[in-house]
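First up is the structure itself, then whatever we jot down about it.
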């Protein structure tokens, strides 16, 4: 028997570390070749780590939510044959079952020396491992109050490495019973069931990890670094909607249904040709603006896990139907979580739309280091003064934000007005310059 | 002499040290216990056990004395005679049996013992001065269990007629006039015993009360009994020294000097941790006042060096040292242990006895608890009446909001045995209702415990 150490592989160009977001295995599990062991997240994509060999998991090198450097060991497997581990990185010493002394304690007791060396493996290998940290953070009794438990319960908790101060007691006077300890081993410190109208004083601690952490970090960077200007105008979409309905009616069966989005993308590509500075990245640390020739439009999409931004590349070179099918494909991939890191990065400008929930005005957050974002608000029929009377028109607002360090208000206004003109006169979108 | 090595070296074979040794042996650790004297320490040789033997003999003698007069029980007997040398020999026999037993237990668990005085050379090396030379021992872990010694007064140094408790347990005959300095539990236990043997006992105490660590309610029955036994207690008085002829103790009370006739003067003004003479200066361990500083795992400031028992301070009680010794052995064996005890019971083997476990009403209040408390007198307990032991009571202290027991105390004949029930109730986290709902056998003194619970709950049955 040998030990095979799996290290975090290079999960993307220039990625030095990744966050471990999910374990699919636990110590003691037997794994097959190519079985998925874990999922890690880089700044854009989630990458699954498969097992290259058949073996038995003996050690996990990170907790969920931990940042792991590329190349650091994350899993150890016991394998038939020699394995790949050098002496120095052999698996933690397996506990030797002791005689009478361990009878009461289901946990194998490592020798004191190894206990210090492998703090992560000891609790994980326990058949009844303590509750996850999130649940354990909640103190079940008044601060400073000693937990009440019989000596037998205290010993059992100590043997399992459980701090009784974290265990809620259901016995008289809050005494922690053996059953409470069983419950803690299985479920962690679950909140007691309250009556329907009782005041709920519980506070649920939700660790900000994975995609949520990425979103939080990106939003913080954007909002704290970018002094933005928000510009809102309304667009009469009546003509475009008529054209869109017509095109959808006449479309070939293999073509995807057109939404407003491909029209907007094409209009943006055209407007960018006149105002190229909005299609840029501002590297504010280096003091350099990278103005891109290619228009790579990120389309913010809501998924079960949170917000992701798949990217339609080279919109300037794509036709309307091409844009539509690419958006549809990426949206599907993002929803399923199968979008690649490349498909989720490299945008030069972003569209954000909440569709029917789009409201009247939004203040979109610029996707740093980009310098502009176009927010699409809800389309609805509104009365419009045409000079003689109010007529019902399909109106839609665009709420756009610009990095005011790079984009002057005038340029911002010209950019949005250009898009407005194009959308209100959709034929112009298709006129070659 | 060839140097020895071991995993665990225990310095001191008292209750802390020998229990640490036995447990370490059980856990398969290679262990050596060193002591310069007989195994068992102060407790077995010159403390708990021999004093209880003497106290028992005194009780028996007093009974017989009682029967020499007319007794309510209808028993009469001739005037008893005492041969204290025989009593002491009997006591020594018990001590011998116990210390031999300790040696046997250590041997059974494959623990080696060295008889000699240990001195630290460094934190992992100890030199033991034995009869046939100095034995050097290297150990991975060292447990300091050196215990404590009686405090000596500079103006009443031990020697001649000035004796410590050790000397009092080896007297040939009861002193005719016996002066005792210090009205703590040791002074009163021995004072009462010798009063029963026929000595004229005078206890001199600097503070204004006896047994200063117990509240007045608890000590009152003892004070009454001292009076009945003819023991004079002089409070707020300072011992000054022996008179010129050595036949009296000079004291000063309220600025007034007085001489107390004394054939022997027993000094029982407390015990102090034995922290000198074993090379503490050669290892870097922190002190906490006059005792060694330890954490909740009995670790000292030096890695691999533990300290247990009296050398770690109050409460200086054998059963605390034993629990610490057991715990440290398990910690060294890799178990996850911490000092998590709720209560260490304490007993005065005075007449009547006092037992206290957990918090007294005053202690509970100053700890910030709102409490319910009540006591049940033995006067209302059938068994106590049949034993002519109506003095005293059982007292309960519970937390008001959830009736959790915080403390249990008792005063009365033989109440020391109640300490088992007290300790169990507290460690198990019992509430008033738990003990009140437990059937206590009739007729026993223990019923008073149940009744005290009921009385705290407001519905005692027998009062």
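Chains as they are written, first to last, in my numbering: chain A, 1 to 433; chain B, 1001 to 1463.
The beta-carbon is built from N, C-alpha and C at its ideal position, and this holds for glycine as well.
Problem set entry | CB-CB length for residue 406 of chain A against residue 277 of chain A, believed under 8 Å | Right, their Cβ atoms sit about 6 Å apart.
Exercise. Is residue 182 of chain A close to chain B, meaning its C-beta is less than 9 Å from at least one C-beta of that chain?
Worked result: Chain B places no beta carbon closer than 9 Å to that of residue 182 of chain A, leaving this residue out of the contacts.
Exercise. Taking Cβ-Cβ distances shorter than 7 Å, what residues in chain A pair up with residue 1337 of chain B?
Worked result: Within chain A, the residues whose beta carbon sits less than 7 Å from that of residue 1337 of chain B are 158, listed in sequence order.
For this session: Tell me whether residue 1155 of chain B sits in a helix, a strand or coil according to DSSP, three-state version.
Result: In the three-state scheme derived from DSSP, where H, G and I count as helix and E and B as strand, residue 1155 of chain B is classed as coil.
Exercise. In chain order, what residues of the same chain lie with their CB nearer than 6 Å to the CB of residue 1142 of chain B, ignoring the 5 residues before and after it?
Worked result: These residues qualify, in order along the chain: 1009, 1305.
Problem set entry | Rounded separation between residue 226 of chain A and residue 220 of chain A - CA only | One alpha carbon belongs to residue 226 of chain A, the other to residue 220 of chain A, and they sit about 10 Å apart.
Problem set entry | residue 1409 of chain B - partner residues in DSSP beta bridges | The partner list for residue 1409 of chain B (beta bridge, DSSP) reads B/1356, B/1395.
For this session: Could I get the ranges of all uninterrupted beta strand (DSSP E) runs contained in the segment 1047 to 1120 of chain B, with 3 residues as the minimum, in chain order?
Result: Those beta strand (DSSP E) runs which fall completely within the segment 1047 to 1120 of chain B and span 3+ residues are 1112 to 1115.
For this session: Would you grab the beta carbon distance between residue 1360 of chain B and residue 1215 of chain B for me? Rounded to a whole angstrom, and I think it's under 8 Å.
Result: Correct: roughly 5 Å between the Cβ atoms.
Problem set entry | Partner residues on chain B for residue 144 of chain A, Cβ-Cβ distance less than 8 Å | Ordered by position in chain B, no residue passes the 8 Å Cβ test against residue 144 of chain A, which lies about 10 Å from the chain.
Problem set entry | Burial state of residue 401 of chain A, where buried means 16 or more other Cβ atoms lie within 10 Å | Residue burial annotation: residue 401 of chain A is buried, with at least 16 other C-beta atoms found within 10 angstroms of its C-beta.
For this session: Note down, one range per segment and in chain order, each beta strand (DSSP E) of at least 3 residues found wholly within the segment 274 to 301 of chain A.
Result: Correct list: 280 to 283, 288 to 291, 297 to 299.
Exercise. Residue range of the beta strand (DSSP E) that residue 35 of chain A falls in?
Worked result: For residue 35 of chain A, there is no enclosing beta strand (DSSP E), as DSSP marks it with neither H nor E.
Exercise. So what does residue 1126 of chain B bridge to, in DSSP terms?
Worked result: Residue 1126 of chain B is bridged to B/1120, B/1137.
For this session: Check distances from the C-beta atoms of the segment 1430 to 1443 of chain B to those of chain A and list, in chain order, the residues that come in under 9 Å.
Result: Cβ contacts with chain A come from 1430, 1431, 1433, 1434.
For this session: Please check if any C-beta of chain B sits within less than 9 Å of the C-beta of residue 471 of chain A.
Result: No answer is possible for residue 471 of chain A: the residues shown for chain A start at 1 and end at 433.
Problem set entry | Neighbour list for residue 161 of chain A in chain E, Cβ cutoff strictly below 9 Å | Absent from the structure: chain E. Protein chains present are A and B.
Exercise. If we count the other Cβ atoms within 10 Å of its Cβ and call it buried at 16 or more, is residue 431 of chain A buried or exposed?
Worked result: Residue 431 of chain A should be labelled exposed.
Exercise. If we count the other Cβ atoms within 10 Å of its Cβ and call it buried at 16 or more, is residue 6 of chain A buried or exposed?
Worked result: Here residue 6 of chain A is buried: its Cβ has 16 or more other Cβ atoms, across all protein chains shown, within 10 Å.
Exercise. Taking any Cβ of chain B, which residues in the segment 305 to 329 of chain A have a Cβ under 9 Å from it, in chain order?
Worked result: Flagged: no residues at all.
Problem set entry | Interface residues of chain A facing residue 1403 of chain B [CB-CB closer than 9 Å] | Result: 172, 173.
Exercise. Alpha carbon to alpha carbon, how far is residue 53 of chain A from residue 67 of chain A?
Worked result: The C-alpha of residue 67 of chain A is placed about 24 Å away from the C-alpha of residue 53 of chain A.
Exercise. Nearest to residue 1428 of chain B by alpha carbon, out of B/1386, B/1358, B/1393?
Worked result: Taking the Cα of residue 1428 of chain B as reference, the smallest distance to any Cα among B/1386, B/1358, B/1393 is reached at B/1358.
Problem set entry | Contacts around residue 1172 of chain B, its chain only, beta-carbon distance under 7 Å, and the 5 residues preceding and following it disregarded | Only 1084, 1085 meet the Cβ criterion.
For this session: Look at the Cβ atom of residue 1013 of chain B, then the Cβ atom of residue 1166 of chain B, and state whether they are nearer than 9 Å.
Result: When the beta-carbon positions are compared, residue 1013 of chain B and residue 1166 of chain B stay at least 9 Å from each other.
Exercise. Is residue 1188 of chain B near the ligand HEM, going by C-beta to nearest heavy atom under 8 Å?
Worked result: This structure lacks the ligand HEM; in fact it carries no ligand of any kind.
For this session: Helix, strand or coil for residue 1373 of chain B, going by three-state DSSP, please let me know.
Result: In the structure shown, residue 1373 of chain B falls within a strand segment according to DSSP collapsed to helix, strand and coil.
Problem set entry | Straight-line Cα distance separating residue 228 of chain A from residue 202 of chain A | Each residue's alpha carbon lies about 38 Å from the other.
Exercise. Are residue 1430 of chain B and residue 1457 of chain B closer than 9 Å when you measure CB to CB?
Worked result: Not a contact, by the Cβ cut-off of 9 Å.
Exercise. If we cut at 9 Å on Cβ distances, does residue 1342 of chain B have a partner in chain A?
Worked result: True, the Cβ-Cβ gap to chain A drops below 9 Å.
Exercise. Using a Cβ-Cβ distance under 9 Å, would residue 151 of chain A count as near chain B?
Worked result: Residue contact check for residue 151 of chain A against chain B: a CB pair falls below 9 Å.
Problem set entry | Residue-level contact to chain B via CB, residue 141 of chain A, 9 Å cutoff | Not flagged as an interface residue toward chain B: residue 141 of chain A, since no C-beta distance is shorter than 9 Å.
Exercise. Taking just the CA atoms, how far does residue 421 of chain A sit from residue 390 of chain A?
Worked result: Residue 421 of chain A has its alpha-carbon roughly 21 Å from the corresponding atom of residue 390 of chain A.
Problem set entry | Pairwise C-alpha distance: residue 397 of chain A and residue 316 of chain A | In this structure, the alpha-carbon of residue 316 of chain A lies about 24 Å from that of residue 397 of chain A.
For this session: Quick one: grab the DSSP three-state call for residue 396 of chain A.
Result: Reduced to three states, the DSSP call for residue 396 of chain A is strand.
Exercise. Closest by CA to residue 1023 of chain B, which one among B/1079, B/1110, B/1071?
Worked result: Nearest Cα to residue 1023 of chain B within the set B/1079, B/1110, B/1071: B/1110.
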